[in-house]
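Under my numbering, the first residue of the sequence shown carries the number 961, and numbering increases by one thereafter. Where a beta carbon is used, it is the ideal one built from N, C-alpha and C, also for glycine. All of these numbers come straight from a predicted model, not from anything done at the bench.
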Amino acid sequence: MSKRRVLYEGKAKTIYEGPEPGTLIQYFKDDATAFNAQKKAVIAGKGVLNNRISAHLMTKLESIGIPTHFMRSLNMREQLVRQVEIIPLEVVIRNIAAGSLSKRLAVKEGTILTQPVLEFYYKKDELGDPMVNEHHIMTFGWADPYELDEMIHMTYRINDYLNGLFAGIGLRLVDFKLEFGRIYGEYGEVYLLLADEISPDNCRLWDAQTGEKLDKDRFREDLGDLVEGYQKIAERLGLVPKGGIIEGGNINEQLAASLGEIENELAEKRKLRGLKMSPGNKPRKV
Ligand code: ADP
Ligand code: MG
C-alpha cells in the first residue's frame, strides 16, 4: 500500500488524507479508551465492527435525508468520508437516564425521560470536554445561530429515526453523541453534515428484554467482553453473520474481509441544502 499522510491520530480512529481533495479516510482502530483516556485497552475486532455499524447507520440516515460525511466503505477497517470543518461540539441526546446524567443529577439509571434531553459538550480533551450551553456556543463562536438550529433539528430527527430502527431489533437507544461539520459551497455558502461515527463507542444500547448493556459501558464498568456486545448489535443489524466474526477473542480476518462493502451512492449525488445566512453575514471563505 502506498504511504498515506496521517492527518490526525485520534483515540478511536486514525484520519488519513483521502484519494481526492475534500475526502478523508477514517481508519477504525481496535483501541478502547475511557475516563479521559485513563483506561485503555486494545480489543480485537472493535474497529471492524464500528466501521460496519457506523457505515450502515450513516447510510440509513442519508436515505431519510440527513446529509452525512459517509461516502463508502473501503475495506473492513476503513471508510471514505467527505472532509469537513468539524464544529468543536459534541451533541448528546438522551432518552433514558444513564451515565453522567444519572450521576450529576441523581436520577436513577434506566429512568425514562419524559422528553429527549439535549446536551452540548465543548470538544477539548485538555479540559475533559466540559458541558456548555447555547450562550457559550454563541459567545465563543463555535457555531452560529443557523448552524445551532440545524444541528438541533437534525439531532431530534436522527434520534426519532434511530429509536425506531433499534426498537425494531430489540434494542433500547438510551443516548448517543453526534458531531457535525461544515463544508463550503462555491460561493462560500455553508452546508452542515453529520460527521465522525455512530457506533456503540458513543451510543448506549441496552437489550430491550434483558436490559443487558451492549455498548462501551461494558468496558467502562467491567461488564465482560466488550466486543461480544458490539457483535450482538452488528448481528441484529444484519451486518455480520450469526455467531459473529470473533472467535475466542480473536478476529477471524478471513471472514471479516469477506463481508460485503457498504455503499452509499447518495452521499455523492445528494443535493445539499445550504444554511440561511443572517443579513450582513458575508459568505465565509474556505
Ligand atoms: P478523538 O480522539 O478526538 O475522539 P477519533 O479517534 O474519534 O478522535 O477520530 C476522529 C477525529 O476526526 C475526531 O476528532 C473527529 O472530530 C474528526 N472527524 C470526524 N469526521 C471528520 C470529517 N469528515 N472531517 C474532518 N474531521 C473529522
Ligand atoms: Mg472520537
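In whole angstroms, what is the alpha-carbon distance linking residue i and residue j?
i            : j            : result
residue 1236 : residue 1106 : 7 Å
residue 985  : residue 967  : 10 Å
residue 1229 : residue 1183 : 43 Å
residue 1022 : residue 1096 : 30 Å
residue 1155 : residue 1044 : 8 Å
residue 1220 : residue 1059 : 35 Å
residue 1245 : residue 1143 : Any answer about residue 1245 is weak, because its pLDDT of 47 lies below 50 and its placement is not dependable; what the coordinates show is given next. Cα-Cα distance, rounded: 10 Å.
residue 1181 : residue 1163 : 15 Å
residue 1090 : residue 1117 : 25 Å
residue 1124 : residue 1132 : 9 Å
residue 1187 : residue 1213 : 15 Å
residue 1079 : residue 1051 : 6 Å
residue 1129 : residue 1174 : 13 Å
residue 1056 : residue 1063 : 13 Å
residue 988  : residue 1065 : 34 Å
residue 964  : residue 1140 : 25 Å
residue 1035 : residue 1218 : 10 Å
residue 995  : residue 1179 : 11 Å
residue 1103 : residue 1092 : 12 Å
residue 1099 : residue 1195 : 44 Å
residue 1136 : residue 1115 : 10 Å
residue 1209 : residue 990  : 12 Å
residue 1206 : residue 1168 : 24 Å
residue 983  : residue 1083 : 22 Å
residue 1149 : residue 1108 : 16 Å
residue 975  : residue 1202 : 31 Å
residue 1211 : residue 1004 : 6 Å
residue 1037 : residue 992  : 15 Å
residue 1101 : residue 1151 : 17 Å
Would residue i be called buried (16 or more neighbouring beta carbons within 10 Å of its own) or exposed?
i            : result
residue 1001 : exposed
residue 1071 : exposed
residue 1029 : buried
residue 1170 : exposed
residue 1113 : exposed
residue 1024 : exposed
residue 1189 : buried
residue 997  : exposed
residue 1074 : exposed
residue 1160 : buried
residue 1232 : exposed
residue 1012 : buried
residue 1122 : buried
residue 999  : exposed
residue 1165 : buried
residue 1088 : exposed
residue 1068 : exposed
residue 1204 : buried
Going by Cα to Cα distance, which pick from the options is closest to residue i?
i            : options                : result
residue 1085 : 1033, 971, 1109, 1221  : 971
residue 977  : 997, 1007, 1039, 1010  : 1039
residue 1110 : 1027, 1066, 995        : 1027
residue 1215 : 981, 1047, 1009        : 1009
residue 1227 : 1015, 1051, 1066       : 1015
residue 1138 : 1166, 1061, 1017       : 1017
residue 1222 : 964, 1006, 1041        : 1041
residue 1177 : 1141, 1149, 1134       : 1134
residue 1053 : 1037, 1068, 1077, 1069 : 1077
residue 1126 : 1101, 981, 1198        : 1198
residue 1019 : 1208, 1200, 1158, 1115 : 1158
residue 1081 : 981, 1193, 1048        : 1048
residue 1224 : 982, 1032, 973         : 1032
residue 1147 : 982, 1234, 983, 993    : 1234
residue 1006 : 983, 1201, 973         : 973
residue 1153 : 1201, 1046, 1211       : 1046
Note down, one range per segment and in chain order, each alpha helix (DSSP H) of at least 4 residues found wholly within the segment 999-1080. As far as the segment 999-1080 is concerned, its whole alpha helix (DSSP H) runs of at least 4 residues are 1006-1023, 1059-1065.
Give the list of continuous beta strand (DSSP E) stretches no shorter than 3 residues that lie fully inside the segment 1117-1150. 1131-1144, all fully within the segment 1117-1150.
For a minimum of 4 consecutive residues, which ranges assigned as the alpha helix (DSSP H) are wholly contained in the segment 1161-1222? Assignment of alpha helix (DSSP H) within the segment 1161-1222, counting only whole runs of 4 or more residues, yields 1177-1180, 1186-1196, 1213-1218 in chain order.
Can you pull every residue whose C-beta falls closer than 6 Å to some heavy atom of ligand 1, listed in chain order? For ligand 1, residues qualifying as neighbours are 968, 970, 971, 972, 973, 975, 984, 1029, 1041, 1042, 1043, 1044, 1046, 1139, 1141, 1155, 1156, where qualification means a beta carbon closer than 6 Å to at least one of its heavy atoms (chain order).
With a floor of 4 residues, list each alpha helix (DSSP H) that falls wholly inside the segment 1086-1115, ordered by position along the chain. Counting only runs of 4 or more, we get 1094-1099.
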